[in-house]
Each structure stands twice: as structure tokens, then as C-alpha cells.
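First up is the structure itself, then whatever we jot down about it.
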Amino acid sequence: MKKNIKALNATDFYKYLTCPHWPWFELYATVAEKKTKRSLTQGEIRRLDDGYLHEKVVMRERMAGKKVKALAEVGDAKKLFAATLKAMASGVEIIYQGTLVDGDWHGRPDLLVRVLGASKLGNWHYVPLDIKASHELKPAHRHQLTFYSFLLERIQGVFPEKAGIINRDKEDYWFEPCVWVSEFENVLAKLEALRAGEKPPLVLRKACTDTSPWGDACKKQALDADDVALLYNVDVRKLAALRDLGVRTVSDAADLRVESLAGAAPGLTARGVEAIKLQAQALRDKKIFVREPVELSESPLEIYFDIESDLPNDVDYLYGFLIREPGTLRLRSGQAGNREPSARYHPIVAEKPEDEGKMWKEFLAWCETLPAEYIVYHYAPYERSRLKILEGRYGGSQSLETFKSRLFDLKTPATKNVTYPLYFYGLKHICKHLGFSWTGKLQSGGESIDWYERWCEKGDRKVLNSILQYNEDDVRATMFLKDWLVMYAPRRAAYEQPYPWRAG
């Protein structure tokens, strides 16, 4: 199946880590599969580029006064590499947008920085440094920079002792690529096998549909095969073990004998196999199973919390709170979409990315106004982790400590105690299945980021209002899920369609 394919580049590592079939489809997609490819939005393209505008700011401010050789960014790869090699041989202090080529490996680190140490070039060699919009060094960054390090070793005869990024705060984050060689080579081997025509085993991740443009193709191939990749929360290792044991489809998993598979492979505990079987039965029979009763504490004041962030740029731009006073309307049978207007929405916004610190201070001041007793519901660990990051960035307070102590992650009971006929257990997947709907134009966090960037560029208040509406829907969905758990999951049960909460 191998054909004349494009060169391997650093972005291929990001794509593979996001969804193994992303680089596969780019090389080998059929005509029918190509028709399912989603066009990336302008915001997604910018995020894939990982901080192009930030890169320009760094080059203008941070590199001012330094001897930087800027090379052409487009053109024939061989000619660009020749120009880069000439600059390296002459000992230029910093090379911007150099091109590295060895066989079918092509790389373009943002910066090549000269350091002391003998090489083919002379008494110096180069280390790679990328300019990234995030605050921290991410796994994909390490793989890409290790890729550049191997290319540099082939070209200059010395493997770089360090590689790194200039982050959003214009700080250097260095690491030792030699420490990551084993992990890199593992991914590289899989990428090279893929490029040679070996199709990766089926997987279906949330990132396949949220980030990769080939999400529909990934989902279709899993559905066409009724593959066990459709099962929620079954990782790559367990998928391989199940397939080796002859459990290849959802139907196989729904009918498996727990006692025969428990302990048959690492990770396949009796409890884990039971969960796999129940998830398969839920998908096959379209049932919801309450495996264990859900018990939630009552509080005189309920707060539902959701953060909107531009993660590629590591910036929070909206904290949304839905505040429900005691005695307000609760979810009742036949009212699955009830939005409870008596619950009050309170947003705190950073209207510009540089206002993040101002937003944080406003949030801390708001925490001071909260009563002694309250509970804060959120979905998934994200809110807690972002609070920790922003506290480290801007400082905390005693009221923040109280607020953090009142956090309750609804994802834990909603996913550990209940099994749904779903491929993913995100808040939107579960709540839409249960009957809640998002009412605005925005339907995803990625769209919220795109619209926030549009707001920053255009200043159109309607755009910001749409972001606020999307966030309000998120916190109302969180409240809806909490009420559903209270009403329909206090005891073990199995619900089949038509569901009782959709009646009437």
C-alpha cells in the first residue's frame, strides 16, 4: 500500500498523539473518506500553528539586539536547507525559521541557537528552540523538539544536550531530549509503520472528533466494524488485550463471560471486565444502567461553575456561575429541558487576554461575598486544576481556599455510578442524551475560543454575548445533570427507551 508520500515532519507527531488515524487518513484516505473530512476553522488553523502571532511578538521584542539570521519560510526544501546549512557553518548566533532535511525527514524549528561544543561545523553546534503560545512545555512539544534534535545530530554530528520553548511569558523552558529518546522512538516506530502502509488499530477518542478533521471517518470505521473501540473508557492496552482474546466487537463484549476474561491480561480485572460488558450492553440495547446509587449532599446555596479557556494560549477568559437559592424549582419528570429562570447566572469576563489577572481579582473579591454555607458543582477536574494554575499565577486568599474546599466534581458519580449508551461521557454528550439542549449558535468549547478571538479582533458585543450564552448553557446543563442524578439515580436501576423523564 505504500506510495510516494510526503516527508515526515514535526507536526505529524502532534497529529498522531491526538488521533493515530489523522496522519493515516492524510496519506491513504479513500475518496469516500475524504468527503467526510471536516474543514478546520481559522481559529483551529492558528492553534495548529501554535502561536504564530506570539512568535512575531517574541521575535520583535525578545530577539531585539541579537544577531539573528532570518531565512525564508517557503520555497524548495533543498534550497532552504542549503541556506540553513550555510548559516550554521558560518556560526550565526541564532537562525530563525531554518530548514533541516535528512532523507524524508524535514523539520523547521523556530530557532536554532548556537552553543559551544565541537561538531562537524567547528567549535560550536546548534540546539532547537521553539516559540509556543502555551505557558508550559507539553508532550507534543517534547516529541517535536526531540525530532529536531535527531535531525541536528545527523546534520552536525552532535545530538543537542538541550532543547526547549520560549513560552507565552517569554521565558525559556529547557529539557534534555536524551531523556525522552525511548518514548520518542516508540511513537516514531508507529508513525513510520503507518507511513509504510500499516493501518493503526481502531481507536475512538474524544480528540478524534473534537480536534482532528477526520473525526467522522474515525467514527464511521468503528461503527461499520461494530468495533470494541466504541466502548467508553477502554484504553489502547485493554483494546489490544480484548482483541487478542477474541473480543473484537461490541456484540462480543456484551455477551462475554466475565469469569473467563478476568485476569487474562494486564488491566482486565473482574471489575473492569464487568464494566466493559455493561457498557457494551448499554450500547447494544440503548439502556442506561445505574450501577450504584448516587448520594449527593444538600446545601442551602448551590453554585454551578464552568470556565472558558483558550488552552493553546493558556488563558482563561470567562468564569461562569449559576447560583440557585434554596427552595427553587427542581427537575421533574417530563421537564428534562427546564431551565429554571430563578437560578441566577453570574459571569466574570476578561474582555482581553491581558485582563486575565483583573478577572482573577474580581473573582477573588466575589468569593468574599459568599455566605458561610454553599456547594460548588462542576463537571470534570478542569475547574479545580485551572484554579490552581491561576492561583499560582496571581495569588490566592482565604475565601479562595474556602471556595476550593466546596468544589464537587459531578463527573465522579455521573460516570462511575451510571453507564450510558454513549461513546463519550463529556457533559454535552450525557446531557444531550438525557434531554438538555444548548440553545445558542455556539455548540463547543473550540467554537467559544474562535468567537473569543473574533471578539478580541472586532469588539462586536453580540459575539461576546453569544459566548456568555454558551457558558450559561454549560452551567445550566451541570445543574440539570445534578438534578437528574438526584431524581433518577438514588437507587440501582435500568432505564430503557422511551425514558421516563422524556414523557409528557
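To convert, count from 1 in the sequence shown and add 297; that's this note's numbering.
Beta carbons: idealized from backbone N, C-alpha and C, even for Gly.
Quiz prompt | Length of the line joining the Cα atoms of THR396 and VAL531 | solution = To locate residue 396, count along the sequence shown from 1; it is residue 99. To locate residue 531, count along the sequence shown from 1; it is residue 234. The alpha-carbon atoms of THR396 and VAL531 are separated by roughly 40 Å.
| message | Taking the straight line between their C-alpha atoms, what separation do you get for LEU619 and ILE645? | response | Position 322 of the sequence shown holds residue 619. Position 348 of the sequence shown holds residue 645. Near 12 Å, if we compare the C-alpha coordinates of ILE645 and LEU619.
### Closest Cα partner of GLN794 within the set ALA579, PRO497 and LEU558
As a first step, residue 794 is located in the sequence shown; it is residue number 497 there, counting from the start. Closest option to GLN794, Cα to Cα, is ALA579.
Query raised in the report: In the DSSP assignment, what are the bridge partners of VAL410?
Result: Stepping through the sequence shown from its first residue, residue 410 is reached at position 113. Beta-bridge pairing links VAL410 to ILE391 and VAL424.
> So what's ARG751 in DSSP terms, helix, strand or just coil?
Replying inline: The count along the sequence shown starts at 1 and reaches residue 751 at position 454. Note: ARG751 maps to helix in three-state DSSP.
| request: Indicate whether at least one CB of chain D lies closer than 9 Å to the CB of TRP319. | output: Judged by its chain identifiers, the structure shown contains no chain D, having just a single protein chain.
Original post:
Going straight from the alpha carbon of PHE481 to that of PHE472, what length do you get?
Top reply: As a first step, residue 481 must be located in the sequence shown, where it is residue number 184. As a first step, residue 472 must be located in the sequence shown, where it is residue number 175. Distance between the alpha carbons of PHE481 and PHE472: 14 Å.
task = Would you kindly report the start and end of the unbroken beta strand (DSSP E) that includes ALA367?
result = Working through the sequence shown from its first residue, we reach residue 367 at position 70. Where ALA367 is concerned, the enclosing beta strand (DSSP E) stretches over 365 to 367.
### Task
Rank PHE660, GLU653, PRO710 and LYS649 by C-alpha distance to the C-alpha of PRO678 and give the top, closest one.
The sequence position of residue 678 within the sequence shown is 381, counting from 1. Looking at the Cα atoms, PRO710 is the closest of the given residues.
Bridge partners for PHE705 per DSSP, in chain order?
Translated into positions along the sequence shown, residue 705 becomes position 408. Partner(s): TYR674.
Buried or exposed: where does ALA369 fall if 16 or more other Cβ atoms within 10 Å of its Cβ makes it buried?
-> Position 72 of the sequence shown, counting from 1, holds the residue named residue 369. ALA369 is exposed by the Cβ-count criterion.
Please state the DSSP three-state secondary structure of VAL354.
On the sequence shown, position 57 is the one that residue 354 refers to. Helix, per DSSP.
**Study point:** Sub-9 Å separation of LYS517 and GLU323 beta-carbons
**Key:** Start at 1 with the first residue of the sequence shown, and residue 517 comes out as number 220. Start at 1 with the first residue of the sequence shown, and residue 323 comes out as number 26. No.
* Out of ALA791, PHE705 and PHE586, point me to the one whose CA is closest to SER594's CA. => Counted from its first residue, the sequence shown places residue 594 at position 297. Among ALA791, PHE705 and PHE586, the Cα nearest to that of SER594 is on PHE705.
**OP:** Starting from TRP402, follow its DSSP beta bridges and name the residues at the other end.
**Re:** Translated into positions along the sequence shown, residue 402 becomes position 105. In the DSSP output, where bridge partners are listed per residue, TRP402 has LEU305 and ASP399.
Euclidean distance between Cα positions of ASN768 and LEU667: In the sequence shown, counting from the first residue as 1, residue 768 sits at position 471. In the sequence shown, counting from the first residue as 1, residue 667 sits at position 370. Distance between the alpha carbons of ASN768 and LEU667 is about 21 Å.
### Message
Can you tell me which residues form a DSSP beta bridge with HIS643?
### Response
The residue given as residue 643 occupies position 346 in the sequence shown. Partner(s): PHE618.
Residue span of the beta strand (DSSP E) that contains SER446, given as start and end: Indexing the sequence shown from 1 puts residue 446 at position 149. Segment 436 to 453 is the alpha helix (DSSP H) holding SER446; no beta strand (DSSP E) there.
Would you mind reading off the limits of the beta strand (DSSP E) that contains TYR792? By one-based count along the sequence shown, residue 792 stands at place 495. That run of the beta strand (DSSP E) goes 790 to 793.
Between GLU352 and the rest of its own chain, which residues show a CB-CB distance below 7 Å, the 5 nearest in sequence each way excluded?
On the sequence shown, residue 352 is found 55 positions in, with the first residue counted as 1. The answer, listed in chain order, is ASP407 and ILE428.
Practice task
Mind the definition here: the segment 607 to 618 touches the segment 570 to 590 only if three or more C-beta pairs lie below 8 Å; say whether that holds.
Solution key: no
Own chain residues within Cβ distance below 6 Å of ALA386, not counting five before or after
The residue labelled residue 386 in the question sits at position 89 within the sequence shown. Contacts found: LEU418.
*Kindly identify the DSSP beta-bridge partner or partners of ALA460.*
Counting from one through the sequence shown, the residue named residue 460 turns up at place 163. PHE472, per the DSSP bridge assignment.
Query raised in the report: Residues bridged to SER416 by DSSP?
Result: Along the sequence shown, read from residue 1 onward, the residue named residue 416 stands at position 119. BP columns for SER416 point to GLY419.
Legend entry - DSSP three-state assignment for GLU605, whether helix, strand or coil: Residue 605 sits at position 308 when you count from the first residue of the sequence shown. Strand at GLU605.
Same chain only: Cβ atoms within 6 Å of PRO510, ignoring 5 sequence neighbours per side = Reading the sequence shown from its first residue, position 213 is the one you call residue 510. For PRO510, where only same-chain residues beyond five positions count, the Cβ hits under 6 Å are LYS334, ARG335 and LEU337.
With a threshold of 16 other CB atoms inside 10 Å of the CB of PRO436, please say whether the residue is buried or exposed. Within the sequence shown, residue 436 is the residue found at index 139, counting from 1. Label assigned to PRO436: exposed.
query = Are there 16 or more other CB atoms within 10 angstroms of the CB of ILE342, so buried, or fewer, so exposed?
reply = As a position in the sequence shown, residue 342 is number 45, starting the count at 1. ILE342 comes out exposed.
Worksheet item: From ALA380 to VAL398, what distance separates their C-alpha atoms?
Response: Within the sequence shown, the letter at position 83 stands for residue 380. Within the sequence shown, the letter at position 101 stands for residue 398. Each residue's alpha carbon lies about 11 Å from the other.
*How would you write the range of the beta strand (DSSP E) that PHE818 sits in, first residue to last?*
In the structure displayed, the chain extends from 298 to 801; residue 818 sits before or after that span and is not available.
Would you kindly report the start and end of the unbroken beta strand (DSSP E) that includes LYS584? As a first step, residue 584 must be located in the sequence shown, where it is residue number 287. That run of the beta strand (DSSP E) goes 584 to 587.
Original post:
LYS366 and VAL389 look like a contact to me (Cβ under 8 Å); what is the Cβ gap, rounded to whole Å?
Top reply: Sequence index remark: in the sequence shown, residue 366 carries index 69 (1-based). Sequence index remark: in the sequence shown, residue 389 carries index 92 (1-based). Right, their Cβ atoms sit about 4 Å apart.
Checklist line | Environment of ASN464 [buried if 16+ CB atoms lie within 10 Å] | finding: For the purposes of this step, residue 464 is identified with residue 167 of the sequence shown, where counting begins at 1. That one is buried.
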